[in-house]
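In full-length UniProt numbering, the protein residues as written are 1 to 394.
Okay, here's the thing in structure tokens:
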């Protein structure tokens with residue numbers, strides 16, 4: 001950035017003091033410090049590590065804001081708790097990713113999965129060539145691909161309880177496509193991994209790649225022309241002196257969104273079949289779809305998120321109820337609830353309507369998510385109140 005930076009200041013306690021105070025109330029402090037033998041992630045002493053960061057601050061050990069934020073963010077990631085969130089200043093402005101998205105897949109469903117370029121797999125499906133087969137990645141920067149990606153996932157994954165979930169977060173997924181989100185490797189990397197790195201494939205070919213920056217702030221910033229402007233806006237929250245609010249106030253108000261009747265008709269994903277049930281505004285604020293399998297007594301309800309705002313709060317419940325009514329009318333007796341990559345939502349969106357549901361013989365919950373799950377649970381099991389217990393520290 002050109003120009004000499006002018007750095008602003010704000011009054012208040014240091015960030016370390018804020019986090020020391022806040023985390024005293026975190027309900028799993030002792031569990032993550034001394035976890036049970038079944039816990040699959042490394043133990044972490046949050047309070048002790050915060051003090052270690054404070055000691056570095058007191059001794060002027062951090063050379064810049066990035067080093068401080070990276071140390072704090074890395075510590076908070078070690079909780080493996082999506083509700084311990086730090087929207088940092090410098091780190092909040094950009095994430096990073098490769099243009100070559102990755103997929104881990106078994107070629108026959110029996111052999112252990114290997115890591116491929118997603119585009120290679122898609123090309124092989126859509127335009128098969130008998131003289132060419134996708135080659136799996138063997139090495140990244142000369143390191144075994146599994147070792148490299150395991151370490152990479154452990155550093156950059158957020159809120160995942162198990163290492164296998166860390167691993168899965170690296171890869172492309174149709175659910176991420178319809179939610180318009182990045183995989184960790186494809187654009188949601190927090191810590192910049194370096195300018196250039198190299199793939200070596202099993203067939204011996206090599207490819208040099210680089211991570212690109214993804215700008216994460218969609219709001220108006222004003223002209224950020226110097227390093228000082230950048231610091232003042234993203235760290236301190238100050239707009240540049242030349243910022244004109246009248247110019248930017250309506251810049252994003254006129255964004256349009258196209259509604260679809262099927263994910264297959266959208267640009268997000270072609271992995272889903274045409275649904276029988278669709279939430280209103282699919283592709284904009286709607287994400288719920290339902291499928292009645294042919295020649296089967298099974299129906300599938302896809303819930304990629306429990307997040308909804310404004311009118312989507314009602315249309316979410318309406319779509320679930322339409323699915324229940326439709327499944328019952330179609331004679332379906334087994335329900336599969338698909339929660340792939342569902343990261344949760346708003347805990348207060350709970351409905352206790354008196355709703356009738358078909359007898360559910362099979363409910364496959366891929367993860368335990370709260371929030372709108374209360375609503376959906378009550379719609380299926382009308383006579384049971386969902387248990388909403390939680391831990392509190394005082």
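Each residue gets a CB set at the ideal place from its N, CA and C atoms; glycine is no exception. Since this is a predicted model, take the numbers as computed values, not measurements.
Distance, Cα to Cα, residue i vs residue j?
{"i": "residue 179", "j": "residue 288", "result": "11 angstroms"}
{"i": "residue 189", "j": "residue 338", "result": "26 angstroms"}
{"i": "residue 99", "j": "residue 28", "result": "37 angstroms"}
{"i": "residue 340", "j": "residue 303", "result": "8 angstroms"}
{"i": "residue 310", "j": "residue 109", "result": "42 angstroms"}
{"i": "residue 201", "j": "residue 35", "result": "39 angstroms"}
{"i": "residue 166", "j": "residue 213", "result": "21 angstroms"}
{"i": "residue 187", "j": "residue 21", "result": "32 angstroms"}
{"i": "residue 31", "j": "residue 164", "result": "20 angstroms"}
{"i": "residue 162", "j": "residue 199", "result": "27 angstroms"}
{"i": "residue 445", "j": "residue 169", "result": "No statement about residue 445 is possible, as the shown extent of the chain runs from 1 to 394 and does not include it."}
{"i": "residue 203", "j": "residue 143", "result": "16 angstroms"}
{"i": "residue 61", "j": "residue 224", "result": "28 angstroms"}
{"i": "residue 46", "j": "residue 124", "result": "47 angstroms"}
{"i": "residue 331", "j": "residue 374", "result": "25 angstroms"}
Please look up how many angstroms separate the CB atoms of residue i and residue j, rounded, as I've assumed it's under 8 angstroms.
{"i": "residue 172", "j": "residue 118", "result": "5 angstroms"}
{"i": "residue 292", "j": "residue 344", "result": "Wrong, their Cβ atoms sit about 27 angstroms apart, outside the cutoff."}
{"i": "residue 128", "j": "residue 116", "result": "That pair is no contact at about 15 angstroms."}
Near residue i, what residues of its chain come up, given a Cβ to Cβ distance below 7 angstroms and the 5 sequence neighbours on each side ignored?
{"i": "residue 197", "result": "140, 141 and 209"}
{"i": "residue 316", "result": "279, 288, 308 and 372"}
{"i": "residue 221", "result": "233"}
Taking Cβ positions, are residue i and residue j nearer each other than 8 angstroms?
{"i": "residue 320", "j": "residue 235", "result": "no"}
{"i": "residue 44", "j": "residue 79", "result": "yes"}
{"i": "residue 216", "j": "residue 94", "result": "yes"}
{"i": "residue 191", "j": "residue 155", "result": "yes"}
{"i": "residue 379", "j": "residue 335", "result": "no"}
{"i": "residue 175", "j": "residue 157", "result": "no"}
{"i": "residue 67", "j": "residue 91", "result": "no"}
{"i": "residue 290", "j": "residue 282", "result": "no"}
{"i": "residue 333", "j": "residue 297", "result": "yes"}
{"i": "residue 277", "j": "residue 326", "result": "yes"}
For residue i, collect the residues of the same chain with a Cβ closer than 6 angstroms to its Cβ; drop the 5 residues on either side in sequence, then sort them by chain order.
{"i": "residue 84", "result": "76"}
{"i": "residue 409", "result": "The shown model of the chain, from 1 to 394, leaves out residue 409, and the question about it has no answer."}
{"i": "residue 82", "result": "159"}
Using C-beta distances below 8 angstroms, list every residue in its chain close to residue i, excluding the 5 sequence neighbours before and after it, in chain order.
{"i": "residue 193", "result": "96, 152 and 211"}
{"i": "residue 70", "result": "91 and 191"}
Problem - Uninterrupted beta strand (DSSP E) stretches inside the stretch 76-142 (no shorter than 3 residues) - result: 94-98, 102-105, 114-117 and 137-140
Handout entry: Completely contained alpha helix (DSSP H) runs for the stretch 181-224, where each covers 4 or more residues
Key = none
Practice task
May I have a chain-ordered list of the alpha helix (DSSP H) segments no shorter than 4 residues that lie completely inside the stretch 17-64?
Solution key: 29-33 and 46-58
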